[in-house]
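Keeping their order, the protein sequence lines are chains X and B. Note that the first sequence covers residues 515 to 728 in the working numbering. Note that the second sequence covers residues 515 to 728 in the working numbering. Positions of the beta carbon are idealized from the N, C-alpha and C atoms, including for glycine. Every value quoted in this text rests on a predicted model; they were computed, and no experiment measured them. Just below is one structure, and these are the notes that go with it.
2 protein chains.
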Amino acid sequence: MPRRNAPFSIIRRLPIYLRILDNLIKKDVDIISSRTLSSRTGFTAEQIRKDLAYFGAFGTRGTGYNTVYLRDKLLKIIGLDKTNHTVVIGSGHLGTAFGRYILMKNPYIRVVGMFDVSNEVIGKKVEGLTIEHIDRLPAVVEEYKVKVAILTIPSAKAQPIVNQLVNSGVTAILNFAPTKLNVPEHVHVHNIDLTIELQSLFYYTVFEEEKDLI
Amino acid sequence: MPRRNAPFSIIRRLPIYLRILDNLIKKDVDIISSRTLSSRTGFTAEQIRKDLAYFGAFGTRGTGYNTVYLRDKLLKIIGLDKTNHTVVIGSGHLGTAFGRYILMKNPYIRVVGMFDVSNEVIGKKVEGLTIEHIDRLPAVVEEYKVKVAILTIPSAKAQPIVNQLVNSGVTAILNFAPTKLNVPEHVHVHNIDLTIELQSLFYYTVFEEEKDLI
DNA sequence: TAGATTGTTAATCGATTAACAATC
DNA sequence: TAGATTGTTAATCGATTAACAATC
C-alpha cells in the first residue's frame with residue numbers, strides 16, 4: 515500500500531465510500547461499480563475511480579469493485595484497520611453529545627477518555643464511560659497511545675490544552691472551539707465551526723429571495 | 515451591494531472575518547489591515563483582500579479597513595443584517611446541544627423552534643425554548659418565515675422531513691444526518707458528518723508513524 | 001511628499017471532468 | 001468474442017498566490 519501525502523480532498527471522501535461499503539456488505543452485496551457508487555454518493559463515477567486509483571488498482575475491469583476487498587483496502591489506507599483510540603476533552607453538552615455519538619455509531623473508533631474541569635460533570639457516566647478530571651488527560655493519552663483528540667472546550671482555554679496534547683504525542687485534533695490553534699507542522703487540525711456553517715447558509719436564503727424578484 | 519453567486523470558498527470565510535471584527539469592535543479597535551487579519555485567521559493577506567474585493571471596495575488604501583463599516587458590509591453580504599430565524603429538528607443529545615449552542619453563542623441568529631417525535635423530550639425546555647412535537651413544524655416555519663433549518667435526526671427519517679421543509683419554504687439546510695438528501699436545485703444543503711471528520715483524521719496519524727521510521 | 005496598504009491583473013497551482021485505451 | 005467497466009492520460013475549470021499599479 516503506497517502511502518503518500520494524498521490530497522485532503524480525496525482523504526475526506528474515503529470515509530463516505532467506507533460507510534457505503536459497510537452497508538452493502540451488510541446486505542451481502544459482493545460487487546459494486548463506480549457508477550452505482552456515484553448515484554449513492556453524488557460524486558461522479560470518474561472522480562470515484564480516480565480517488566481509488568490514487569492508492570492502487572483495486573477493481574476488476576468489466577466487473578467493478580469487490581466490496582469486502584475494497585473496504586479492507588480503504589481501512590488500511592485511512593488507518594482504521596486496527597483499534598483506534600480517541601479522547602474527548604470538554605464534557606459539556608456538546609462534548610458529551612459527541613462522545614456518546616462516537617461511542618454508539620463508530621465501529622472503527624474507540625473513545626478511551628472523556629475529560630472536564632467542572633465538578634458538576636466529573637464522575638458522570640456517558641454510555642458506560644466515566645468523565646474524568648482533566649489532570650488525568652496525559653496519563654490516559656500515554657496509556658492508550660492516543661493520537662487523535664476531540665476538543666469541545668471554550669476557545670480561551672483551548673491553546674494550553676493543545677500544547678499538552680501535542681507534548682503527550684497527539685498528532686491530530688478535531689477542534690470545535692471557534693479559534694485558530696497553533697500547532698507544530700506534524701500535527702493536523704480539523705476545525706468544525708458551527709457558527710460558520712450556519713451563518714454561511716444565510717447567504718443562500720437572501721440570494722433566493724432576490725431571485726424571486728427577477 | 516452587488517450580490518452574485520459568489521464561490522462557496524469565499525462565502526465560508528466571511529463568518530470568520532465577521533467574528534474577528536466583532537471582537538475588535540468590542541475592544542474599540544477602529545482600523546484593521548489585511549496583514550493583521552491574516553495573522554488572526556491564518557489566511558494570506560492577498561486572499562483576504564481578494565475575498566472582500568469580490569463584493570466591493572471596502573478599505574482605504576494606505577490605511578486599512580474600518581472595522582464597524584466592514585462588519586456592516588459583511589452582515590449585509592451574508593444576509594445577517596436582519597433577524598434571522600432557524601429551527602432545530604431532532605432534539606436528542608446532539609440536537610439540544612446545538613440548539614443550546616446557537617441560542618447562547620450566536621448574536622445574529624435566533625432559534626424559533628425545536629422539534630422531536632419522542633414524548634420523552636417534548637415539553638422540555640432548552641434555554642427557555644420548549645421542545646415541540648414535530649407536527650407543529652410547518653406552522654412554526656410559516657409563522658416565522660424560516661428559511662434555514664438544522665437537521666439532527668436519524669438518516670432513515672431525514673428525507674420525508676426535508677420534503678416537508680422544502681414545501682414550507684425552507685431554502686437552506688444544515689444536515690447532521692450522515693446521508694445524501696435529495697432537494698430541488700434552489701435549496702442548499704451543508705452536510706456536517708462527524709464520522710467523516712473524525713475518521714479522516716486517522717489518515718494523518720498513520721502517516722506520522724511511518725515518517726518516524728524513515 | 002513618502003510610506004503604507006488596498007484593489008486588480010497575471011501567473012501558478014491543484015482539483016475535477018472528459019475521453020479513451022486497457023482488459024476482465 | 002462482445003459488452004462492460006476500470007485505470008490513466010489530457011483538457012478544463014476554479015481557486016490561490018504573486019506582483020504591482022493605484023491611491024490614501
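CB contact below 9 Å: residue i versus chain X
i      : result
B/N681 : no
B/K661 : yes
B/E634 : no
B/F612 : yes
B/E657 : no
B/T711 : For the record, residue 711 of chain B in the displayed sequence is Glu; it is not Thr. Yes, its Cβ sits closer than 9 Å to a Cβ of chain X.
B/I667 : no
B/I731 : Residue 731 of chain B cannot be examined here, being either before or after the span of chain B that is shown, 515 to 728.
B/F522 : yes
B/N677 : no
B/P698 : no
B/P529 : yes
B/G570 : no
B/L594 : yes
B/G573 : no
B/T555 : yes
B/I648 : no
Option nearest residue i by Cα separation, candidates the options
i      : options                           : result
X/I591 : X/N519, X/P692 and X/K671         : X/N519
B/D630 : B/K619, B/G642 and B/G609         : B/G609
X/H647 : X/E657, X/I562, X/V635 and X/Q561 : X/V635
B/G683 : B/L643, B/I562 and B/H700         : B/H700
B/P674 : B/I664, B/V660, B/N696 and B/K659 : B/N696
X/I616 : B/P692, B/L528 and B/L535         : B/P692
B/K596 : B/Y658, B/I645 and B/I524         : B/Y658
B/I667 : B/R563, B/V601, B/K564 and B/D586 : B/V601
B/D586 : B/I645, B/I539 and B/A559         : B/I539
B/L665 : X/L712, X/E656 and X/G576         : X/L712
B/D536 : B/D565, B/N620, B/K671 and B/Q561 : B/N620
B/Y718 : X/A672, X/G637, X/K694 and X/V660 : X/V660
B/K694 : B/V680, B/F522, B/L708 and B/A672 : B/A672
B/G642 : B/N681, B/D649, B/M618 and B/E656 : B/M618
X/I623 : B/L532, B/F522, B/P521 and B/L708 : B/L708
9 Å Cβ cutoff, residue i in contact with chain B
i      : result
X/Q561 : no
X/L727 : Residue confidence is low: X/L727 scores 48 on pLDDT, short of 50, so the model does not pin down where it sits. Its coordinate-derived value is still stated next. X/L727 does not count as touching chain B.
X/F716 : yes
X/R549 : no
X/L532 : yes
X/K694 : yes
X/T526 : Thr is not the amino acid found at residue 526 of chain X; the sequence shown has Arg there. Answer yes: the Cβ-Cβ gap between X/R526 and chain B drops below 9 Å somewhere.
X/L608 : yes
X/L708 : yes
X/A686 : yes
X/I546 : no
X/H597 : According to the sequence provided, residue 597 of chain X is Thr. The question's His does not apply to it. With 9 Å as the cut-off, X/T597 does not count as an interface residue toward chain B.
X/Y583 : no
X/K541 : no
Whether residue i touches residue j by CB criterion (9 Å)
i      : j      : result
X/V662 : B/F716 : yes
X/V640 : X/G613 : yes
X/G732 : X/L588 : No information on residue 732 of chain X is available, as it lies outside the stretch 515 to 728 that chain X covers here.
X/N580 : X/D542 : no
B/H599 : B/V582 : no
B/S552 : X/R526 : no
X/I524 : X/R554 : no
X/I730 : B/I530 : The structure shown does not extend to residue 730 of chain X, since chain X is modelled only from 515 to 728, so the question has no answer here.
B/L594 : B/D565 : no
X/A670 : B/A611 : no
X/P652 : X/Q678 : yes
Any alpha helix (DSSP H) of 4 or more consecutive residues that is wholly inside the region 653-685 of chain B: Runs found: 669-682.
Inter-stretch contact at 8 Å, needing at least 3 Cβ pairs: the region 544-563 of chain X / the region 599-606 of chain X: no
Cβ contact (3+ pairs, closer than 8 Å) linking the region 627-642 of chain X and the region 563-583 of chain X: no
Contact between the region 696-707 of chain B and the region 681-688 of chain B (3+ Cβ pairs under 8 Å): yes
Alpha helix (DSSP H) segments (min. 4 residues) lying fully within the region 593-635 of chain B: 607-619
Whole alpha helix (DSSP H) elements within the region 558-586 of chain X, 4-residue minimum: 559-567
Length-filtered (3 minimum) beta strand (DSSP E) runs lying within the region 698-722 of chain B: 702-705
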